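Only one structure is covered here, and it is reproduced in the block below.
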Amino acid sequence: MLRNFVKNLSSKNLRCIIKNNGGITSFGNIRSIAPLSTTELALKDEKINITFVLYDGKRLQTEAKVGDTLLDVVVNNDLNIEGYGACEGTLTCSTCHVVLKDEDYKRLPEEPCDEERDMLDLAYGLTDTSRLGCQITLTKDMDGLEIKVPETINDARS
Amino acid sequence: MSYKLIKRLFSSSPYKKCPQVCIVGAGPAGFYAAMHLTKKLEAVNIDILEKLPVPFGLIRYGVAPDHPEVKNVINQFTKVAQQANVNFYGNITLGKDVHLEQLRQNYDAVLLTYGAEEDKLLGIENEDASNVFAARNFVGWYNGLPADKDLKIDLSCNTAAILGQGNVALDVARILLTPIDELTKTDITEHSLSVLSESKLKEIYLVGRRGPLQVAFTIKELREQLKLKNCRTIWNEKDFQDVEKIVPSLPRPRKRLTELMLKSVNEKQTIVDDPNIKYFKPKFFRSPNKFLVDDKKQLAGIELTCNILVGDNLESQKCVPTDEKEILNCDLAFRSIGYKSVKADKDLTLKQGCIPNDKGVVEDASSDLAKLYVAGWLGTGPVGVILHTMGNAFQVAKVMCEDLGKLSNTQTKAGFEEVKKTIAQNNGNVIDWTGWERIDTYEVENGKKIGKPREKICDVEKMIEVAKA
Ligand SMILES: Cc1cc2nc3c(=O)[nH]c(=O)nc-3n(C[C@H](O)[C@H](O)[C@H](O)COP(=O)(O)OP(=O)(O)OC[C@H]3O[C@@H](n4cnc5c(N)ncnc54)[C@H](O)[C@@H]3O)c2cc1C
Ligand code: FES
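The listed protein sequences correspond, in order, to chains A and B. So the first sequence is numbered by full-length UniProt numbering: it starts at 1 and just counts up by one. So the second sequence is numbered by full-length UniProt numbering: it starts at 1 and just counts up by one.
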């Protein structure tokens, strides 16, 4: 109990530190507090359900805000995916690698840009339907989306 | 910081009866392993020992200053360090302040993650000439590594050569070719900014033993180099003969990287009459044979051996030297052909620059001592990026979790309580996380004064002074 208390406290401190540094990244709640246009406000309330399926079969089902990226969802819901989002959505780490179902991949509104593909090329278990979670923004029609999170453990020498 | 207070109030005893883990080296491997261990084990106490007073290893001292986004991972590591059962003890060197045997006597498990800090030598004539540097020392210099802060580098010349074609080679090239105004906003050290701002360098060769299909750098770094302002890339078109034909059969990463090179080759950039333009010149199929020096042992050029690739199968083509030689005139050279780990402690055995291990477990006969593990570059060799170091550290930590789970509950090792007695005899200045936070604040404040995100302290004594203030 005590440990949790200390943990919560420290993660709150951390958020503050990040906020004080200014919104350079799209990390966590920065994005959601920034623009105040009416459409954004309307979007804010729209929620969908999505499921992360970990490499060991574990399923993490969660509510997600439309307009958030998959990385935002992991961070805001404190999902236990180890090491996910090391660079905080700045396209420089590829620890946010996810694999989508073929049909989901195809209906994403945007194709990955060169920079996203560059980072994906470093990822383990790269597939034709791989994306970086920090680059996928949720839309309303993605309700029920299933996202596979591949294993990051591999022989570093290969 | 209130949580530190709470941590101090309660940290004096409740974790005593849990496994005591010691991690040596506070780089990514150490932090990622600690992350996994604290997540997977219900109770564990982790002490991270680090040579420098400051944490983060190559994130702080390797990653280029113009790549601040890569360093965001520090936020995850900070979270790990702020947990009540994780302790950072800086300014403690394994092999000097404390010995491996002592650690293995006082902990239930010891994980070594002290990296690969020594650069590999080319082993050729005149390698000790002035203005021949290890790329790693140059990186340490612009990043403020205390050991490299006094590097004397002369940038008043026209041409430099970098030997090696990996990402570190590209980092060095980019820092030397980037317009200075773009570096002033980064956390690059002031001493190197002032030297770089006087630079007269016009062209940089990036010399590789093999061909375009074997380059070690990754596509992101190349793309960045090709987009660099006021810099043109000049390839030797002949090096790309037949490459185009092979492209479709390559695996995706190599394919995209090669396509990007070919695209740039086909742009046929040329030398122009503009003093503001600099040149980046990759050179393939060349091995350095010897450095040429003048009578003051000042670098004047490099004699290169021309190589050819033999074998039909692209994947297994071998690079063989020919009798042909070539002189590359240059006044500055960096070797960037890889690193090896050092034998930090007398009880360690290294093989080919790293500690031999089986999934992180270091086999030895000392069964009465705590089990020994290795992760990160010390165990894998200096390959890959943070992502790969992370994968390896998780894998090793997973094995540690399984082993620690099997330990009988009665085991109660004294951990740092005991080790610190010896350390105190050698070194009275252990820096804890609060000490690092003071250094951090000090650096950020000093950076603010000159419009930078941070101005690093480059001197260990000064770090200690600030940490203890
Ligand atoms: C120049 C350079 C640039 C890089 N840039 C990038 C990049 O942009 N992106 C990316 O993803 N990867 C990058 N990498 C790769 C990345 O840095 C490595 O994957 C990673 O740092 C390896 O982690 P490690 O923990 O094994 O080693 P290290 O990061 O080297 O950590 C080892 C730690 O151990 C400490 N230590 C050493 N000896 C002792 C001792 N005797 N006792 C106690 N402590 C000791 C060191 O001080 C250090 O803190 C770069 C590497 C280099 C060399
Ligand atoms: S979070 Fe780093 S690339 Fe997506």
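Backbone N, C-alpha and C fix where the C-beta goes; we use that ideal spot for every residue, glycine too. Keep in mind the model is a prediction, meaning the values are calculated, not measured.
| Item | Value |
| --- | --- |
| Of the residues B:Val215, B:Trp436 and B:Cys458, which one's Cα is nearest the Cα of lysine 468 (chain B)? | B:Trp436 |
| For tyrosine 107 (chain B) versus alanine 375 (chain B), is the C-beta distance shorter than 9 angstroms? | no |
| From the DSSP output, in three-state form, read off arginine 136 (chain B) for me. | helix |
| For glycine 133 (chain A), verify whether its CB is less than 8 angstroms away from any heavy atom of ligand 2. | yes |
| Which term fits arginine 104 (chain B), buried or exposed, when burial requires 16 or more other beta carbons within 10 angstroms of its beta carbon? | buried |
| Tell me whether tyrosine 124 (chain A) counts as near ligand 3, meaning its Cβ is closer than 8 angstroms to at least one heavy atom of that ligand. | Within the structure as shown, ligand 3 is missing, the only ligands being ligand 1 and ligand 2. |
| Alpha helix (DSSP H) containing alanine 34 (chain B): first to last residue? | 28-40 |
| Check the Cβ-Cβ distances between glycine 133 (chain A) and every residue of chain C, and say whether any is below 9 angstroms. | The chain inventory of the structure shown lacks chain C, comprising the protein chains A and B. |
| So, is valine 272 (chain B) buried or exposed, given that buried needs 16 or more other C-beta atoms within 10 angstroms? | exposed |
| For a contact defined as C-beta to C-beta under 7 angstroms, what are the partners of glutamate 69 (chain B) on chain A? | Cys87, Thr90 and Thr92 |
| Considering Cα atoms alone, identify which of B:Trp377, B:Glu117 and B:Met261 is closest to leucine 222 (chain B). | B:Met261 |
| Taking 6 angstroms as the limit between beta carbons, can you name the residues of its chain near valine 444 (chain B), skipping five residues before and five after? | Arg454 |
| Which residues in chain A have a C-beta closer than 8 angstroms to the C-beta of threonine 218 (chain B)? List them in chain order. | Asp118, Asp121 and Leu122 |
| What residues are listed by DSSP as bridge partners for valine 361 (chain B)? | B:Asp358 and B:Tyr373 |
| Starting from valine 399 (chain B) and walking both ways along the beta strand (DSSP E), at which residues does that stretch end? | Unbroken run through valine 399 (chain B) is the alpha helix (DSSP H), 386-406; no beta strand (DSSP E). |
| Would you tell me roughly how many angstroms separate the C-alpha atoms of leucine 176 (chain B) and threonine 78 (chain B), rounded to the nearest one? | 31 angstroms |
| For the stretch 71-90 of chain B against the stretch 195-204 of chain B, do three or more pairs of beta-carbon atoms, one drawn from each stretch, fall closer than 8 angstroms, so that the two count as touching? | no |
| Measure the CB-CB distance between valine 396 (chain B) and lysine 359 (chain B) and report whether it falls below 9 angstroms. | yes |
| Going by DSSP, name the residue or residues bridged to histidine 97 (chain A). | A:Leu132 |
| For tyrosine 32 (chain B), which residues in chain A fall below 7 angstroms Cβ to Cβ? | Gly83 |
| What residue does the alpha helix (DSSP H) around arginine 210 (chain B) start on, and which one ends it? | Here arginine 210 (chain B) belongs to no alpha helix (DSSP H), and DSSP marks it neither H nor E. |
| Is any non-hydrogen atom of ligand 1 found closer than 8 angstroms to the C-beta of asparagine 167 (chain B), if you look at the structure I gave you? | yes |
| How is proline 35 (chain A) classed by DSSP in three states: helix, strand or coil? | The pLDDT assigned to proline 35 (chain A) is 41, lower than 50, so where the model puts this residue is not dependable, and the model offers no usable value. |
| Is it the case that the CB of isoleucine 386 (chain B) approaches a heavy atom of ligand 1 more closely than 8 angstroms? | yes |
| Ligand 2 and methionine 119 (chain A): does the residue's C-beta get closer than 8 angstroms to at least one heavy atom of that ligand? | yes |
| What number of angstroms, rounded off, separates the C-alpha of glycine 22 (chain A) from the C-alpha of lysine 71 (chain B)? | With a pLDDT of only 35 at glycine 22 (chain A), under 50, the local geometry of the prediction cannot be trusted, and the value read off the model is given with reservation. Looking at the two C-alpha atoms, the distance is approximately 16 angstroms. |
| Just reading off the beta strand (DSSP E) that tyrosine 89 (chain B) is part of, what are its end residues? | 86-89 |
| Could you give the residue range of the beta strand (DSSP E) that holds alanine 161 (chain B)? | 159-163 |
| Pull up the distance between the alpha-carbon of asparagine 313 (chain B) and that of leucine 54 (chain A), whole angstroms please. | 38 angstroms |
| Let's test the definition: count the other Cβ atoms within 10 Å of the Cβ of alanine 365 (chain B) and tell me whether it reaches 16, buried, or not, exposed. | exposed |
| For ligand 1, is there a heavy atom less than 8 angstroms away from the beta-carbon of cysteine 93 (chain A)? | yes |
| Under 8 angstroms Cβ-Cβ, which residues of chain A neighbour proline 146 (chain B)? | Chain A residues near proline 146 (chain B): none, gap ~26 angstroms exceeds 8 angstroms. |
| In angstroms, rounded to a whole number, what distance separates the CA positions of glycine 90 (chain B) and isoleucine 431 (chain B)? | 5 angstroms |
| Under three-state DSSP, which class holds serine 287 (chain B)? | strand |
| So, is the C-beta of asparagine 29 (chain A) closer than 9 angstroms to a C-beta in chain B? | Confidence at asparagine 29 (chain A) is low in this model, with a pLDDT of 37, below 50, so the placement of that residue should be treated as unreliable; the coordinate-derived value is given next. By this cut-off, asparagine 29 (chain A) is not an interface position. |
| Find the nearest neighbour of aspartate 323 (chain B) within the set B:Glu303, B:Ala116 and B:Arg136, judged by alpha-carbon distance. | B:Glu303 |
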